[in-house]
Structure formats: structure tokens, C-alpha cells
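Numbering (the working numbering), first residue to last: 271 to 493.
Shown next, in the form of C-alpha cells:
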């Protein structure tokens, strides 16, 4: 009798409950199908995002490369434009007189004789020129190359009211903006240093106007 009971109990475990959907039941199969579909969708979505971001990075890299190439091209064009402008100025500008040095749109003459600031300006004016007006560092560097071992008058002097200097003005009436003063200058020593000269170092110094020295005339070229 015990053997029969054990036999029936074992057969019950092997067979289990059965129905038209087997062990899972209808909801189990639906869940399985939905899970598989969602899994496939998730995989496809990951693949899509991977491809999308890879292409986006590739496009970004290409855009950066194109931007760099455009920048290089722009720089080359600007350099060529500058070179053409300089060449045009050289070709179209009138030549400087003999013994005058050309730079950009001006000619410069370094005197061989000495005189006061007023003598220097008068000499330049009689030749249809004026004492040099220095408007920037490029011009300053060019002029300073040729001063040699002597100071040279430039076309700058003080604007004085009473005993006080109110500023500095070029011979064309323009107020001083660019300057290249020597250390601790201008100091108006003795209250009589109204005129400006370029020292042999290229730096500027205020001096009494009746000091005898060389000078630099400037002539604008017609371009």
C-alpha cells in the first residue's frame, strides 16, 4: 500500500497541472512576447543612438576642419591684400627727392647743418616741408635708425600758458598722442624747455629751443 501511495505521488509531480497554455498560462506567454519585443526595440535603439552619435562626432570633426581651413584661407587672403596694398603704394606714390629716405607715404631728410628749433622749422618750410611729425611706433623705429650720434629736432613743442606747460603740439596743430619720451622726460628744466628733439638713442627729450642741433624734415608723398 505504501508503494502505491508513493507511486501516485510521484506521478502527480511529473504531470503537474496542465491546461491549453501549458505551465505558463496565457499571461505568461504574453509577457514573454512583450519582453522579447521590448528587448529587440532596446537593442535597435542603442544601435541607432550609437550610429547617430558616431556620425554627429564625424560631422563635428569635419566642420572643425573646414573652419580651420577657412581661417587659414582668410589669413592668406589678408596677407596677400596687405602685400598688394603696399605694392600699390610703392608703385603709385611719387618718388622721394634725392638724399631723402622713403618710408610708407612720407620722405625724410636728415640735415647736415645745425640750428635752433625755429631755424630747423624755417629751413623745412622753405623747402615746402616741415619738421618731422611722428605718429606711431613703426615711424619712430624707422626714423631712429638714422639719427647717428647726434640729437635731431622734431616738429613737436610745448603749449605754454604763463609758466605752465599745458601740453604738446605738432607743427601741423595736432595735439600729441603717441610719444616716446626718455626716462623722466619731459621735465621742463628751468621752465624753458619748450622744444623737443630725438636723442641719439631714439628717445625724446625736451630742450631749450635755441640749442643748436641737427633736424629732420618730412615731406608727404602724393599717392
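Beta carbons are placed, not taken as given, at the ideal position from N, Cα and C, and that holds for glycine.
If we ignore side chains and look at the alpha-carbon of each, how far apart do residue 478 and residue 445 end up?
The count along the chain shown starts at 1 and reaches residue 478 at position 208. The count along the chain shown starts at 1 and reaches residue 445 at position 175. Distance between the alpha carbons of residue 478 and residue 445 is about 20 Å.
Taking just the CA atoms, how far does residue 463 sit from residue 443?
Within the chain shown, residue 443 is the residue found at index 173, counting from 1. Within the chain shown, residue 463 is the residue found at index 193, counting from 1. Using only the alpha carbons, I get a separation of about 19 Å.
Taking 8 Å as the cut-off, decide whether the C-beta atoms of residue 466 and residue 476 are in contact.
Translated into the one-based positions of the chain shown, residue 466 becomes position 196. Translated into the one-based positions of the chain shown, residue 476 becomes position 206. Yes, Cβ-Cβ distance for residue 466 and residue 476 is below 8 Å.
Reducing DSSP to helix, strand and coil, say where residue 348 ends up.
Walking along the chain shown from the start, residue 348 turns up at place 78. Of the three classes helix, strand and coil, the one that applies to residue 348 here is helix, per DSSP.
With H, G and I counted as helix, E and B as strand and the rest as coil, what does DSSP make of residue 442?
Stepping through the chain shown from its first residue, residue 442 is reached at position 172. Correct three-state label for residue 442: coil.
Who pairs with residue 373 in a beta bridge, going by DSSP?
Locating residue 373 in the chain shown gives position 103, where the first residue counts as 1. Its beta-bridge partners are 376.
Express the C-alpha separation of residue 469 and residue 373 in angstroms, rounding to a whole number.
Counting from 1 along the chain shown, the entry for residue 373 is found at position 103. Counting from 1 along the chain shown, the entry for residue 469 is found at position 199. Each residue's Cα considered, the two are about 20 Å apart.
Is the CB-CB distance between residue 485 and residue 440 below 8 Å?
By one-based count along the chain shown, residue 485 stands at place 215. By one-based count along the chain shown, residue 440 stands at place 170. Against a cut-off of 8 Å, the Cβ pair of residue 440 and residue 485 comes out as no contact.
Given this structure, state the Cα-to-Cα distance separating residue 351 from residue 489, to the nearest angstrom.
As a first step, residue 351 must be located in the chain shown, where it is residue number 81. As a first step, residue 489 must be located in the chain shown, where it is residue number 219. Approximately 26 Å between the Cα atoms of the pair.
Could you pull out every residue in the same chain whose Cβ sits closer than 7 Å to the Cβ of residue 281, ignoring the five residues on either side in sequence?
Within the chain shown, the letter at position 11 stands for residue 281. At residue 281, the pLDDT of 49 sits below 50, so the modelled position is not reliable; the number obtained from the coordinates is stated separately. Hits under 7 Å: none found.
Report yes if the C-beta distance between residue 404 and residue 413 is below 8 Å; otherwise report no.
Reading the chain shown from its first residue, position 134 is the one you call residue 404. Reading the chain shown from its first residue, position 143 is the one you call residue 413. For residue 404 and residue 413, yes; Cβs fall inside 8 Å.
Could you tell me the distance, in whole angstroms, from the CA atom of residue 322 to the CA atom of residue 353?
Position 52 of the chain shown, counted from the first residue, corresponds to residue 322. Position 83 of the chain shown, counted from the first residue, corresponds to residue 353. Rounded to the nearest angstrom, the two C-alpha atoms are 46 Å apart.
Any contact of the stretch 446 to 460 with the stretch 364 to 380, i.e. 3+ C-beta pairs under 8 Å?
Verdict: no, contact absent.
Would you kindly check if the distance between the Cβ of residue 429 and the Cβ of residue 437 is under 8 Å?
As a position in the chain shown, residue 437 is number 167, starting the count at 1. As a position in the chain shown, residue 429 is number 159, starting the count at 1. Going by C-beta atoms, residue 437 is nearer than 8 Å to residue 429.
I'd like to know whether the C-beta atoms of residue 364 and residue 459 end up nearer to each other than 8 Å.
Residue 364 sits at position 94 when you count from the first residue of the chain shown. Residue 459 sits at position 189 when you count from the first residue of the chain shown. No, the pair does not count as a contact, with Cβ atoms beyond the cut-off.
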